[in-house]
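Undergrad:
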Amino acid sequence: MPKRKRESVVENGQNESSSDQGQKGGQNLVEVLPGITRKITACAACRKNKIRCDMPDDGPPCIRCRRRGLSCVLNRSLQSLIEDTKNVQLLQTDVTNLHDTLDILCQQLGVEGPKALRSIGHNREGSYPPDNDQNRPQQEEEGCEVSPPESPSAVQAPIDTFLDITKIRSPHSHSIDSPASARASRSGARSDLISKGIISATIAERLVHHYFARLDHYLYGIGGEYQGLEQLRANAPILLAAICTVSALHDPQERAVYEACNREFRSLVAKSTFEKRDVDYIRALCISSFWLADASRIFCSDAIRRAADMRLHRSFDALFDDRTGLGSGPMQSVPSPSMQNLPAATDRVRLWYLLYVCDQHLSILHNRDSLLRSDKGIAVGWELYLHRAETTESDVRILSQVSLLLIMGQVRDVLGSDNQTPLPPALASQILNYSRQLDKWYAKFSALFVTNAFIGEFPKRGLQLHYQFGKLYLGHQVFKGLHGRPIPPHFLSAATMAHDTAVAIFEMILGEPELQEGLVGMPHYFHVMIAFAGHLLLEVCQNYYEQLAIKIQDDFQLINSALNLFRNTQCIPHHPIWRMTPGLNRKLHDCAASIGVPVPSAVPLGLNAQAIPGQDALYYPPVPTDTSQPLDELLFADFGEFNFPDLTSNFMT
1 MPKRKRESVV ENGQNESSSD QGQKGGQNLV EVLPGITRKI TACAACRKNK
51 IRCDMPDDGP PCIRCRRRGL SCVLNRSLQS LIEDTKNVQL LQTDVTNLHD
101 TLDILCQQLG VEGPKALRSI GHNREGSYPP DNDQNRPQQE EEGCEVSPPE
151 SPSAVQAPID TFLDITKIRS PHSHSIDSPA SARASRSGAR SDLISKGIIS
201 ATIAERLVHH YFARLDHYLY GIGGEYQGLE QLRANAPILL AAICTVSALH
251 DPQERAVYEA CNREFRSLVA KSTFEKRDVD YIRALCISSF WLADASRIFC
301 SDAIRRAADM RLHRSFDALF DDRTGLGSGP MQSVPSPSMQ NLPAATDRVR
351 LWYLLYVCDQ HLSILHNRDS LLRSDKGIAV GWELYLHRAE TTESDVRILS
401 QVSLLLIMGQ VRDVLGSDNQ TPLPPALASQ ILNYSRQLDK WYAKFSALFV
451 TNAFIGEFPK RGLQLHYQFG KLYLGHQVFK GLHGRPIPPH FLSAATMAHD
501 TAVAIFEMIL GEPELQEGLV GMPHYFHVMI AFAGHLLLEV CQNYYEQLAI
551 KIQDDFQLIN SALNLFRNTQ CIPHHPIWRM TPGLNRKLHD CAASIGVPVP
601 SAVPLGLNAQ AIPGQDALYY PPVPTDTSQP LDELLFADFG EFNFPDLTSN
651 FMT
């Protein structure tokens, strides 16, 4: 009995110790399970008959069951379960190695790699932590907006009356900022990418510096007043997430960091759907809209909704004393704090213009109506803004986009249609008129552009490239509804313009170092339009090379040289350059095979073809010395519903 009692004490001691260990968080399952020294090796049949079981070292069947032809089953004991648990870590290591090997193979094949593993947590720096509640610090819940909110109109709207009589406080009645609870939380510690352990402070510092030193200048200095990591962490953590995501997208060595930052940024945006946010939140959405192609439409539409609720467009009144005609009455109640000083109002005007540009870009790329209302007052507004004494080089670049998109908006409304029917002959003169407007636009703004201190001559080259995009967008309309039939004689000049413009786009990319350096940096609108130019050029070569007297070998070599440049451009698989290159290459070879000609070799990098002789006047009209002439042709007029034929660009997958 004493011996049995001592054994019981030992067993109880083991159980108590195991219980204590089980209550300690973060320990391995193997550590909390009891140790078992006796392993069950007898099969079920031998155990039932209570005879000795001679089990080989390699497992069942035992000698007796093998001789008798019986089913030899070895019951699983607690010890075997513990051994299985110990093998989990080895299995996780094997799966990780397989995932890394598959990732390398996908990079070699030029296809998108596998999604990040979610079953285990990586110890790599910058990896995204497991998705559980322990890794999500509890944030103080911010107040939700009243839905629908107060009307952004300057005059009283029906919703304002409803909110007044039902005693529901409007989110705009006192301030555009978040409720008191949210403002209080901002004064304390705010969780961000670093505090959550998603990326380290060193990585975040590098990403923020890269964005403000280079990327922000491709987007006209939209970054705002917070120029350092600590300022962003303290005042705008979502803006920090957007900046780190965009910056990592343009670093060929930061794929894992991009995936982690992008996942966190999307999560923050999703959680903020019903929350009140400030101007910096709109800034974050605007930045992501220009660069993150996969979710650009979602980010832009949310930013436009919030900009309307914040009355961002009313900042024109603060700058021009309502001379633009945008306001229809005196300002309501108490103006927001940011409207009481001109620098803040100027920043809001610039932000509104950028939202307008992004919205128009997306309406062109995605064949949809624009979300922002555009009328003649906006055009007058940008003319006034351009002639302000405080206008900067970045302002000129923004306004050049606004005025160009007003022209392209007219092209879209007059010529665009979702019906695949040929254009009527009467529109031939209208196409010529729009072409002249594009020439005047380029002549006006090319004289105003200067060298940028951070990205050099890219603004000037970007202006030329946008001019080509405008011509391409105008000229491609004449191919609508032809389905391979000959081009009507009255549209031959426009068709030739579309072909020559597409050629000029690729000649510029191959011949301008600033554009080559900016391939990883420029907003995704450039990449999509470049891909569209290549797609259209190959379609024209395939169907109309005889009618337009096209030298298809020269065009094929041009496309192949551009593809060679894209392949040698270092970027992560999520970047548009990486994503569009394989599909455009397939289109090139399919087109050559259908015609029955080989694809010529690419021109080696550094030996790029020069521009077509005698075509400079077509692509770059002379710049007049007097740039003060009015551009009445550029004023926007509403011509009805917008539609754009589907491009069927299967290379953007």
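The UniProt record's numbering puts the last residue of the sequence shown at 653; the count rises by one with no breaks.
Beta carbons are placed, not taken as given, at the ideal position from N, Cα and C, and that holds for glycine.
(1) Starting from asparagine 452, follow its DSSP beta bridges and name the residues at the other end.
(2) Kindly confirm or deny that the region 390-405 and the region 347-365 touch, where touching means at least three C-beta pairs closer than 8 Å.
(3) Leaving out five residues on either side along the sequence, give the residues of the same chain with a beta carbon under 8 Å from the beta carbon of histidine 99.
(4) Please report how far the alpha carbon of methionine 497 lies from the alpha carbon of glycine 481, in whole angstroms.
(5) Helix, strand or coil, according to DSSP, for glycine 511 in the structure here?
(6) Between alanine 344 and methionine 508, what straight-line distance do the alpha-carbon atoms span, to the nearest angstrom?
(7) Between the alpha carbons of histidine 575 and alanine 241, how many angstroms are there, rounded?
(8) Measure the alpha-carbon distance for proline 582 versus asparagine 235 and round it to whole angstroms.
(9) Would you kindly work out how many angstroms separate the C-alpha atoms of alanine 533 and histidine 217, rounded to a whole number?
(10) Please go through the same chain and pick out, in chain order, the residues whose beta-carbon is closer than 7 Å to the beta-carbon of methionine 522, but skip the five residues on each side of it.
(11) Rounded to a whole number of angstroms, what is the C-alpha to C-alpha distance between residue 669 and aspartate 94?
(12) Looking at the structure shown, is lysine 440 part of a helix, part of a strand, or coil, going by DSSP?
(13) Which whole-angstrom value is the C-beta distance of alanine 597 and leucine 558, which I expect to be below 8 Å?
(14) Is the beta carbon of threonine 451 less than 9 Å from the beta carbon of lysine 460?
(15) Output yes or no for whether 9 Å exceeds the beta carbon distance between valine 478 and leucine 519.
(16) What does a CB cutoff of less than 7 Å around leucine 371 pick up in its chain, not counting 5 residues either side in sequence?
(17) Nearest to aspartate 500 by alpha carbon, out of Pro573, Asn341, Asp555?
(18) Given this structure, state the Cα-to-Cα distance separating glutamate 205 from leucine 229, to the nearest angstrom.
(19) Taking just the CA atoms, how far does threonine 421 sit from threonine 273?
(20) So the candidates are Gly223, Asn367, Ser594, Leu432; which of them puts its Cα closest to the Cα of leucine 538?
(21) Write down the C-beta distance between alanine 44 and asparagine 75 rounded to the nearest angstrom, noting that I regard them as a contact closer than 8 Å.
(22) DSSP three-state call for valine 411: helix, strand or coil?
(23) Using the beta-carbon count (16 or more within 10 Å), is threonine 346 buried or exposed?
(24) Where alanine 295 and serine 71 are concerned, what is the direct C-alpha to C-alpha distance, given to the nearest angstrom?
(25) Can the beta-carbon of leucine 463 be found less than 9 Å from the beta-carbon of tyrosine 442?
(26) Excluding the 5 residues preceding and the 5 following isoleucine 194 in the sequence, name in chain order all residues of the same chain whose CB lies nearer than 6 Å to its CB.
(27) Between valine 279 and methionine 310, how many whole angstroms is the CB-CB distance? I'm expecting something under 8 Å.
(28) Assign phenylalanine 454 to one of two classes, buried (16 or more other C-beta atoms within 10 Å of its C-beta) or exposed (fewer than that).
(29) Between the Cα of glycine 197 and those of Arg214, Asp164, Cys261, Tyr220, spot the shortest distance and give me the residue it belongs to.
(30) Rounded to whole angstroms, what's the CA-CA distance from glycine 223 to serine 288? Just pull it up for me.
(31) Give the secondary structure of aspartate 369 by DSSP, where H, G and I count as helix, E and B as strand, and everything else as coil.
(32) On a CA-only basis, which of Ile298, Cys65, Val603, Phe290 is nearest histidine 524? Give me that one, please.
(33) Taking the alpha helix (DSSP H) that glutamine 542 falls in, what are its first and last residues?
(34) For valine 520, which three-state DSSP category applies?
(35) What does the Cβ neighbour count give for leucine 239, buried or exposed, with the cut at 16 atoms within 10 Å?
(36) Just curious, the alpha helix (DSSP H) that arginine 233 is in, first and last residue?
TA: From the atom records:
(1) DSSP links asparagine 452 through a beta bridge to Gly456.
(2) yes
(3) Pro114, Leu117
(4) 18 Å
(5) helix
(6) 38 Å
(7) 18 Å
(8) 42 Å
(9) If you take the alpha carbons of alanine 533 and histidine 217, they lie about 25 Å apart.
(10) Tyr218
(11) There is no way to answer for residue 669, as the model of the chain reaches only from 1 to 653.
(12) helix
(13) According to the sequence provided, residue 597 is valine. The question's alanine does not apply to it. About 14 Å; that fails the 8 Å criterion.
(14) yes
(15) For valine 478 and leucine 519, no; Cβs fall outside 9 Å.
(16) Ser301, Ile304, Asp359
(17) Asp555
(18) The alpha-carbon separation between glutamate 205 and leucine 229 amounts to approximately 6 Å.
(19) 41 Å
(20) Ser594
(21) 6 Å
(22) For valine 411, the secondary structure class from DSSP, reduced to helix, strand or coil, is helix.
(23) buried
(24) 58 Å
(25) Contact check for leucine 463 against tyrosine 442 passes: the beta carbons are separated by less than 9 Å.
(26) Ala201, Ala204
(27) The C-beta separation of valine 279 from methionine 310 comes to about 7 Å, placing the pair in contact by the 8 Å criterion.
(28) Flag for phenylalanine 454 reads exposed.
(29) Minimum Cα distance to glycine 197 is reached at Cys261.
(30) Their Cα atoms are separated by approximately 11 Å.
(31) coil
(32) Phe290
(33) 524-544
(34) coil
(35) buried
(36) DSSP places arginine 233 inside the alpha helix (DSSP H), whose first and last residues are 229-235.
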